[in-house]
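Enquirer: Okay, here's the structure, questions in a sec.
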Amino acid sequence: MGTRIELHLFGTAEDGSMIEARRAIEAVDDALTIHRPSPTTALNDSLAAGSPAAIDDPLLFDALVEIDHAYQAMEGLFDPAADVSTGGAGWNMVLFDREDARIRALRPLALDFGGFGKGFALDRACDVLRRADRVSALLSAGESSIAVVGEHPLGGRWPFAIPHPLQPDRILLELELEDSALSISSTVGEGTYAPDRAPMIRPGDGTIVTGRRTAVACARSGARAEMMSTALLVADGDQAKRFLDGEPARRFLFDFTGETGISVPPAETVIR
Amino acid sequence: MIDKDFDLTRRSFIDHVLKASAGAGMAAAAPWAAFAASAAPGQKDRVRLGVIGTGDRGRTLIRNIAKTRNCAVAAICDDYEPNLVKGRALVPGGTPAFADHRAMLDAGGIDAVVIATPLHVHAAQTLDSFDAGVHVWCEKAMARTIADCSAMVKRAQDRRKVLQIGHQRMFNPTYLNALKRVKAGEIGPVTQIRASWHRNTSWRRAVPAGSDLERKINWRLYRDSSAGLMTELATHQLQVGNWFLEAPPTRVIGSGSICFWKDGREVYDQVALVFDYAGGRKLVYTSLLNNARYGCEEQIQGSKGTIEPELGRIYQEKPPGVPALRKMGEDVQAGRKRPVPIGGATWFPELPVTTPGESLGWGEYDETMLQFEVFGEAVRSGVPAPGLLRQAYHASVTSLMGEDAMDSGRPVDWPSSLVDI
Chain A
1 MGTRIELHLF GTAEDGSMIE ARRAIEAVDD ALTIHRPSPT TALNDSLAAG
51 SPAAIDDPLL FDALVEIDHA YQAMEGLFDP AADVSTGGAG WNMVLFDRED
101 ARIRALRPLA LDFGGFGKGF ALDRACDVLR RADRVSALLS AGESSIAVVG
151 EHPLGGRWPF AIPHPLQPDR ILLELELEDS ALSISSTVGE GTYAPDRAPM
201 IRPGDGTIVT GRRTAVACAR SGARAEMMST ALLVADGDQA KRFLDGEPAR
251 RFLFDFTGET GISVPPAETV IR
Chain B
1 MIDKDFDLTR RSFIDHVLKA SAGAGMAAAA PWAAFAASAA PGQKDRVRLG
51 VIGTGDRGRT LIRNIAKTRN CAVAAICDDY EPNLVKGRAL VPGGTPAFAD
101 HRAMLDAGGI DAVVIATPLH VHAAQTLDSF DAGVHVWCEK AMARTIADCS
151 AMVKRAQDRR KVLQIGHQRM FNPTYLNALK RVKAGEIGPV TQIRASWHRN
201 TSWRRAVPAG SDLERKINWR LYRDSSAGLM TELATHQLQV GNWFLEAPPT
251 RVIGSGSICF WKDGREVYDQ VALVFDYAGG RKLVYTSLLN NARYGCEEQI
301 QGSKGTIEPE LGRIYQEKPP GVPALRKMGE DVQAGRKRPV PIGGATWFPE
351 LPVTTPGESL GWGEYDETML QFEVFGEAVR SGVPAPGLLR QAYHASVTSL
401 MGEDAMDSGR PVDWPSSLVD I
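Sequence order for the protein chains is A and B.
Counted the way the UniProt record's numbering counts, the first sequence spans residues 1 to 272.
Counted the way the UniProt record's numbering counts, the second sequence spans residues 1 to 421.
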């Protein structure tokens, strides 16, 4: 994933669940990575060649089910499929048969799960910890994807503060989580300046998102939080309003376009 | 440095060698180290050495021999008069000087020779010395051909004489400590070593105008007398590779070229080779003479970390944790609950790590002195320090099979007809 994962467990003594949770994350990485041979790269070979493929890997299958479901719910704004020749997105060109676990594409495509993989991996690790009756844990994938199990070790919800991406000494947003996940997507801030980092692509027309935005989404599932924060980042005004109106305390979008480092109260920049 | 300071430094150095050689698995991996550290040579009845070759390297060796407690230069020899003159300036007046090594051997009065001559004459001078009944310390690489390397080993065995080759890294406490930490599992199983020796120099020396000494003075540049980068530089690092990978390579592929210094030289000015070791492990080697940015290093890479012995650093694969999350853990321990700042960098490119790592420890010292003390004790007892010759022999063979792979353009397997040591 090229991302640093951290697991912090609190409460009872280590019982092996930490190792099992780590293995769950590694298993997701093994299944979904496109940076070394994996079930996903094998699938991409088939999709690029225009051939149908059977999905034998259970993690890859579960991921595709999750994405297929979310694609409709998010109005196509989260799209892991890219046209091999144009780079434009195209899950709508994918025919995914859940019953027979088979998939094919109507044009040459390749899948890149991106941030979804982080949330999906955190979900699997959280499942392990919940099954082991761990009552308090925090999992982080690159600091932009957080999941918590249970309450804070001192009781109550887990408090988080998200720094302003242009003014790191300021807080953009404070929120609290309990037994849920949080995802931050942004086109501005320190993490976006890494060399060779691919730009954010808007599904549908394949254009690069040039607006300076930060999106935050909370959900029970890390994978869904990831997909929603991505969708918010590329959404137009009407689409963003629909998403935000549905979950005003769990979804946030900040637009810094035109901001030149001048202090702007966060409330003024939230699109609602 | 006054003598007392020097002696204290030497004691500290040897103490470090002793500590490094005491780790688990070290007795088998570096059996000479304990021998070296435990040797207690007296200052009387020094071993008498005849130095063959008093060029730059030979004179450096003379200075190191002078620091030892058990060796002394009893004669010098060089067939190039200007070098012999410089050599005389470093030894006591009256020290016999010769223009031919056979004359020096015939004159007697020495227990062993130190050979610091061009590569292609190492074998003949070594065989002559054994036949004259003296022991041999020879500069690396051993010889110009694998057959000559083998002949040197065979003759040493037949004559029951000590043959020691100048691979000083085997006596360097930083390298010994690196090996100890590898044996302790600190960087996990070593699967690849990336080694390089990059210089920005022509390697060419000035030749007196009007002379016909080009091939004599610039012997490193001509194939009759040298394998160039492979025998003059790579052999050091290939010894380190074989040492840390615990065996010689099984096969090598490579490519060499005269790419930059198109000045009539015959040896490659840049080489790139991949040595295969058992279990799929590899040593990737490059050397060149027109860019010094990456210098000399062996990057010893395991699943948990990397050791760079030339820099004296060890790096762990596991990156440091996120400070905010570490602080959260501390807060919980202290009973404090406050917002955790998150949302920093989300993606980490797989670029070279720029973190400083940790020091392997132990400062600089000229380990060449210690290898001469070890040689001196070996000559006195007639028993070579264990393990040294095997390492050196295999390092020379490794470098020469690399040359063969580059010249032939084909993979070259480890030879099956070597002398057992």
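In this text, a Cβ means the ideal position worked out from N, Cα and C, and glycines have one as well.
Got a sec: is the Cβ-Cβ distance from PHE160(A) to anything in chain B below 7 Å?
Expert: yes
Enquirer: In terms of alpha-carbon separation, which member of ALA101(A), TRP91(A), PHE256(A) and THR187(A) lies closest to ALA110(A)?
Expert: TRP91(A)
Enquirer: Check HIS164(A) in the structure and name its three-state DSSP category.
Expert: In the structure shown, the three-state DSSP call for HIS164(A) is coil.
Enquirer: Got a sec, what are the start and stop residues for the beta strand (DSSP E) residue 423(B) sits in?
Expert: Only positions 1 to 421 of chain B appear in the structure, and residue 423(B) is not among them; the question remains open.
Enquirer: With a threshold of 16 other CB atoms inside 10 Å of the CB of ARG155(B), please say whether the residue is buried or exposed.
Expert: So ARG155(B) ends up on the buried side.
Enquirer: Hey, out of PHE243(A), ARG251(A), PHE252(A) and PHE256(A), whose CA is closest to ALA73(A)'s CA?
Expert: Taking only the C-alpha atoms, the option nearest ALA73(A) is PHE243(A).
Enquirer: State yes or no: is the beta carbon of ILE342(B) nearer than 7 Å to at least one beta carbon in chain A?
Expert: yes
Enquirer: Of the residues SER12(B), ILE165(B) and GLU81(B), which one's Cα is nearest the Cα of TYR393(B)?
Expert: ILE165(B)
Enquirer: What separation, rounded to the nearest whole angstrom, lies between the Cα atoms of TYR268(B) and LEU229(B)?
Expert: 7 Å
Enquirer: Taking only the alpha-carbon atoms, compute the straight-line gap between ILE146(A) and ARG98(A) and give it to the nearest angstrom.
Expert: 29 Å
Enquirer: Along the chain, where does the beta strand (DSSP E) that runs through SER396(B) open and close?
Expert: Premise fails: SER396(B) lies in the alpha helix (DSSP H), 388-408, not in any beta strand (DSSP E).
Enquirer: Relative to chain B, which residues along the region 19-43 of chain A have a C-beta separation below 8 Å, given in chain order?
Expert: For the region 19-43 of chain A, the beta-carbon criterion of a distance under 8 Å to any beta-carbon of chain B is satisfied by none of its residues.
Enquirer: Using the rule of at least 16 other Cβ atoms within 10 Å of the residue's Cβ for burial, across every protein chain shown, is PRO92(B) buried or exposed?
Expert: exposed
Enquirer: Where do the N-terminal and C-terminal ends of the alpha helix (DSSP H) with ASP128(B) fall, by residue?
Expert: 122-131
Enquirer: Is the closest heavy atom of the ligand FMN to the C-beta of ARG212(A) under 6 Å?
Expert: Absent from the structure shown: the ligand FMN. Ligands present: none.
Enquirer: State the DSSP-derived secondary structure class of TYR277(B), mapped to helix, strand or coil.
Expert: coil
Enquirer: Which residues does DSSP list as the beta-bridge partners of residue 423(B)?
Expert: Residue 423(B) falls outside the range modelled here, since chain B spans only 1 to 421, and no answer is possible.
Enquirer: Using Cβ-Cβ distances below 7 Å, what residues of the region 48-64 of chain B are close to chain A?
Expert: none
Enquirer: Can you find a CB in chain B that lies within less than 7 Å of the CB of LEU232(A)?
Expert: no
Enquirer: Going straight from the alpha carbon of VAL148(A) to that of THR3(A), what length do you get?
Expert: 18 Å
Enquirer: Output needed for LYS67(B): all residues of its chain with C-beta closer than 6 Å, excluding positions within five of it in sequence on either side, in chain order.
Expert: MET369
Enquirer: On the DSSP bridge assignment, give the partners of TYR315(B) in chain order.
Expert: Answer is THR306(B).
Enquirer: Using 8 Å as the cut-off, can you tell me whether the region 94-112 of chain B makes contact with the region 195-211 of chain B, which would need three or more C-beta pairs spanning the two stretches below that distance?
Expert: no
Enquirer: Give me the Cα-Cα distance between PHE348(B) and ALA181(A), rounded to the nearest whole angstrom.
Expert: The predicted model places PHE348(B) with a pLDDT of 41, which falls under 50 and marks its position as unreliable; any figure quoted below should be read in that light. Going from the Cα of PHE348(B) to the Cα of ALA181(A) covers about 21 Å.
Enquirer: Here's the rule: buried if 16 or more other CB atoms are within 10 angstroms of the residue's CB, otherwise exposed. What is ILE19(A)?
Expert: The residue is exposed, with fewer than 16 neighbouring Cβ atoms inside 10 Å.
Enquirer: Please state whether the Cβ-Cβ distance between ALA195(B) and GLU298(B) is less than 7 Å.
Expert: yes
Enquirer: Let me check understanding here. Comparing Cα to Cα, which of SER221(A), LYS241(A), THR257(A) and ASP245(A) lies closest to ILE67(A)?
Expert: SER221(A)
Enquirer: So is ILE5(A) in contact with chain B if we call contact Cβ pairs under 7 Å?
Expert: No, ILE5(A) does not count as interfacial toward chain B.
Enquirer: For TYR268(B), which of helix, strand or coil comes out of DSSP?
Expert: coil
Enquirer: Please check if any C-beta of chain B sits within less than 7 Å of the C-beta of PRO163(A).
Expert: yes
Enquirer: Under 8 Å between beta-carbons, which chain B residues line up against SER17(A)? List them in chain order, please.
Expert: Neighbours of SER17(A) on chain B: none; closest Cβ ~17 Å, over 8 Å.
Enquirer: Enumerate in chain order the residues of its own chain whose CB-to-CB distance from GLU390(B) is below 8 Å, with the five nearest sequence positions on each side excluded.
Expert: For the sequence presented, residue 390(B) should be read as Arg rather than Glu. Excluding sequence neighbours, ARG390(B) sits near ILE421.
Enquirer: Determine, for LEU59(A), whether the minimum Cβ-Cβ distance to residues of chain B falls below 7 Å.
Expert: no
Enquirer: Starting from GLU66(A), trace the alpha helix (DSSP H) both ways and give me its first and last residue.
Expert: 58-73
Enquirer: Under a CB-based cut-off of 7 Å, is PRO153(A) close to chain B?
Expert: yes
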